[in-house]
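The block underneath contains the structure these notes are about, expressed in C-alpha cells.
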Amino acid sequence: MRFRRAQSRRSAERYSALKGIQDILPPDIYIWQRVEETAREIFSAYGFQELRAPIIEATEIFIRSIGETTDIVEKEMYTFSDKAGRSITLRPEGTAPVVRCYVENHLYNLPSPQKFFYSGPMFRYERPQAGRFRQFFQIGVEAFGTSDPKLDAEIFSMLRLFIERLGLKGLNFEVNSIGCEKCRPDYRKALLNFFSGRINGLCPDCKRRYEYNPLRILDCKVDVCIELRKGAPRVMDFLCNECREHFNALLSLLKLLNVPYVINPDMVRGLDYYTRTTFEVTSEQLGAQNAVAAGGRYDRLVEEFGGPPTPAIGFAIGMERLVALLRTPTLNQVQGELRTPAPEIFIATIGAPAEKEGLVIANRLREKGIWVEVGYAGNSLKSQLRRADRLSAGYVLIIGDDEISSGKLKWKRLSDGSQGEILFQEVYDFFFKNLRLIQS
RNA sequence: GUGAGUGUAGCUCAAUGGUUAGAGCACUGGACUGUGGCUCCAGGUGUUGGGGGUUCAAGUCCCCUCACUCACCCCA
C-alpha cells in the first residue's frame with residue numbers, strides 16, 4: 028500500500044513540458060486570440076492573404092537562406108533524420124518556408140505583388156530567458172514581386188497600425204538600410220579597415236565578430252566597443268545610388284503617411300538574406316530580448332531558391348513578447364478589453380428532479396448560443412452560488428422542489444443581487460430580452 | 001556553450017544550526033436546514049528539488065546533481 032502510493036506520486040510528478048516550451052492557458056489565450064484577430068483584420072485591409080507553410084522542411088532550405096555561418100544554423104536548429112535518412116529541420120523562422128512555397132507553387136505567375144501572412148510556432152535550441160523560448164510563435168508577413176519603396180512604406184505603416192490598434196504605446200520604431208550586394212561589400216571593407224587598428228581594444232566577442240561579421244560590432248553592448256566604434260563609417264554613406272534613392276523614397280513616403288520612425292544606422296540583421304530596408308520595433312520593458320517585431324527586404328532570396336529574380340520584403344512579430352507587452356499596464360491603453368469571458372447564466376439546482384430540469388434548460392439555452400454553466404455533484408446551493416460568483420456569471424437560475432411544483436424558477440443577477448421569478452417555458456424569451464439586448 | 005541567482009504546502013512566502021517546519025491566499029464544509037461577495041470557526045500524509053557529507057543535532061553549513069530564473073552569446 029505504502030509502496031503503491033509512493034510509486035503513483037512519483038509518476039505524477041515526472042512529466043513537465045520540455046525546457047523553453049510552454050503551455051498557453053485560458054487567461055492568456057484570450058490575449059493571443061485578440062492579437063490574431065487584429066492581425067487578420069489589419070493585414071487583410073492591406074491585401075495580405077493567409078498562407079500555411081509546413082513547420083518542417085528539408086534542412087538545406089534553412090542553411091541556404093539563413094546562412095551557413097549564422098548561430099541559428101550552426102547550433103540552434105532542431106534537426107533530425109527521418110526514416111529514409113533525409114535531414115529534416117523544425118523551422119527556426121518563417122521566411123524560408125514561405126519563399127520555398129512561393130517558388131514551388133509558381134506564385135510569381137500571379138499578378139505582382141503577392142502578399143501573404145502566416146502565424147505559427149518556430150523552434151530554436153537556445154538557452155531560455157526572458158522573452159526567449161525554444162518554441163516561440165510568430166506572426167509574419169511576406170510580400171513578393173516589387174522593389175517599389177511604396178511597398179516598404181505600406182508594410183512599415185501596417186506594422187505600426189497593428190501595434191497601435193492593439194492599444195500599445197511607447198514602442199520604438201526604427202528603420203535602416205543595409206545596402207545591396209553591390210554596395211555592402213564596400214562598406215564591409217571600410218568597416219574592417221576602420222577597426223583593424225583598434226582590434227586589440229575590442230571585447231573578445233567583437234574580436235570574433237571582426238572575422239566573420241564585422242557589422243555586428245556596431246550592435247555590441249560592451250562599453251569599450253561603444254567607445255571604439257565612435258566615428259566608424261556609416262552604411263548610409265556607402266549606399267549605391269539605387270539603394271540611397273530607395274531609402275530616401277521610403278522615408279519621404281513615411282512622412283507623407285504620417286508614420287513616425289527613427290533612423291538607426293547601427294541596426295544590424297541576424298539573417299544573411301536581408302538587403303536594403305531593415306526595421307525593428309523594440310521596447311525597454313521586455314528585458315534583454317527587446318525586439319517585438321523585425322523585418323526587412325530580401326531581394327535576392329527568391330532567385331536563390333530557383334525562382335525568377337523577385338524582390339521581396341517581410342517582417343515577423345514575436346507573439347510571446349507582444350503578449351508580454353499587452354500584459355504590462357503602463358504600455359497598454361485598453362486593459363479592459365483583455366478581460367476573460369464569463370458565463371452568462373449559471374443554473375444552481377437542489378435535488379435530483381431539479382438537477383435534471385436544470386440540465387434540460389441549460390441545453391435549450393446553449394442551443395441558442397448562450398454560455399450556461401451548471402452545478403455539479405450535488406454541491407450545496409451555497410457552494411454553487413459561490414462558484415457562480417467566482418466564474419463572474421451574469422445570472423444564476425435557482426431550481427429546487429418548490430420551483431418544480433410551482434412551475435416558476437428563480438433568477439438572480441449577481442452584479443446587484445436583484446431577484447425575480449419566471450415560468451420555465453419563458454426562460455429563453457426572458458434572457459433574450461434582458462440579457463442579450465442589454466449587452467448589445 | 002558561459003556566468004550569476006533561486007529551489008520549503010496547490011500559489012506567494014516565513015522559520016539566530018536546537019521541540020512535532022509555520023502564515024496568508026486558494027479549496028471544502030459549518031455558523032446561515034434553499035441564496036454569492038463581508039466576518040468567524042474547522043479541515044494539511046510537506047520525500048524542505050534529489051544524493052552524499054560535517055555535527056550530539058541540518059530547511060539552515062559543505063560537496064555533487066537536477067530544475068527554474070536572469071544575463072552573456074544570439075535573436076522574434
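Every position in the first sequence, counted from 1, becomes a number in the numbering used here once 27 is added.
We put the beta carbon where it would ideally sit given N, CA and C, even for glycine.
Is it right to say residue i is buried, meaning 16 or more other beta carbons lie within 10 angstroms of its own, or is it exposed?
i: TYR42; result: exposed
i: TYR422; result: buried
i: GLU311; result: exposed
i: SER433; result: exposed
i: TYR403; result: exposed
i: ARG37; result: Its pLDDT being 37, under 50, ARG37 is placed unreliably by the model, and nothing is read from it.
i: SER204; result: buried
i: ARG113; result: exposed
i: HIS133; result: exposed
i: ILE56; result: exposed
i: GLN76; result: exposed
i: GLU120; result: buried
i: PRO140; result: buried
i: SER407; result: exposed
i: ARG413; result: exposed
i: SER71; result: exposed
i: ILE290; result: exposed
i: SER92; result: buried
i: ILE253; result: exposed
i: ASP456; result: exposed
i: PHE14; result: An answer regarding residue 14 cannot be provided, because it is not within the stretch 28 to 467 covered by the chain.
How about residue i and residue j: do their beta carbons lie closer than 9 Å?
i: THR302; j: ARG327; result: yes
i: CYS210; j: PHE164; result: no
i: PRO338; j: SER174; result: yes
i: LYS46; j: ARG161; result: yes
i: TRP438; j: LEU424; result: yes
i: MET263; j: VAL202; result: no
i: TYR135; j: PHE171; result: yes
i: VAL125; j: TYR105; result: no
i: ILE182; j: TYR300; result: no
i: GLU307; j: ALA321; result: yes
i: GLY427; j: ALA381; result: yes
i: GLY158; j: ALA315; result: yes
i: VAL130; j: GLY333; result: yes
i: SER184; j: LEU278; result: no
i: ALA66; j: ILE344; result: yes
i: PHE274; j: PRO138; result: no
What does DSSP give as the partner residues of residue i in its beta bridges?
i: ARG440; result: TYR422
i: THR309; result: ASN199 and ALA318
i: SER114; result: SER108
i: ALA339; result: PHE171
i: TYR300; result: Paired residues: none, contrary to the question.
i: LEU450; result: LYS435
i: ARG85; result: Here residue 85 turns out to be Ala, not Arg, going by the sequence shown. In DSSP, ALA85 forms a bridge with ILE115.
i: ASN359; result: LEU195
i: GLN162; result: PHE150
i: THR376; result: ILE426
i: GLU77; result: PHE144
i: ILE344; result: ILE166 and ALA320
i: VAL399; result: ILE372
i: GLY156; result: Residue identity check: residue 156 is Gln in the sequence provided, not Gly. Note: GLN156 sits in a beta bridge opposite ARG159.
i: ILE290; result: VAL202
Assuming residue i and residue j form a contact by the criterion Cβ under 8 Å, report the distance between their Cβ atoms to the nearest whole angstrom.
i: LEU255; j: GLY228; result: 5 Å
i: ARG118; j: PHE150; result: 7 Å
i: ARG348; j: VAL319; result: 5 Å
i: GLY323; j: THR309; result: Actually they are not in contact, since the Cβ atoms of GLY323 and THR309 sit about 15 Å apart, beyond 8 Å.
i: PHE342; j: GLY167; result: 7 Å
i: LEU186; j: PHE143; result: Not confirmed; about 15 Å, so no contact.
i: VAL401; j: ALA415; result: Contact flag wrong, Cβ pair sits at about 10 Å.
i: ALA180; j: LEU281; result: 6 Å
i: ASN82; j: PRO148; result: The amino acid at residue 82 is misidentified as Asn; the sequence shows Ile. The Cβ separation is near 6 Å, so the contact holds.
i: LEU188; j: LEU358; result: The pair is not a contact, with the Cβ atoms about 17 Å apart (cut-off 8 Å).
i: LEU392; j: VAL454; result: 7 Å
i: ILE190; j: LEU178; result: Not confirmed; about 19 Å, so no contact.
i: GLU84; j: THR122; result: With a Cβ gap of about 12 Å, GLU84 and THR122 do not count as contacting.
i: GLU384; j: ILE431; result: 6 Å
i: ALA420; j: LEU441; result: 6 Å
i: PHE200; j: PRO287; result: 6 Å
i: LEU218; j: ALA276; result: About 26 Å separates the two Cβ atoms, so there is no contact after all.
Report yes or no: do the region 49–62 and the region 94–104 share at least 3 C-beta pairs separated by less than 8 Å? No, the region 49–62 does not touch the region 94–104.
| Meets three-Cβ-pair contact criterion under 8 Å: the region 374–388 and the region 200–214 | At 8 Å Cβ cutoff, the stretches do not touch.
Closer than 8 Å is the cut-off here; do at least three beta carbon pairs connect the region 236–253 with the region 140–155?
Short answer: they don't touch.
### Query
Is the region 214–223 touching the region 235–243 in the sense that three or more CB pairs, one from each, lie closer than 8 Å?
The region 235–243, when compared against the region 214–223, does touch it at the 8 Å Cβ threshold.
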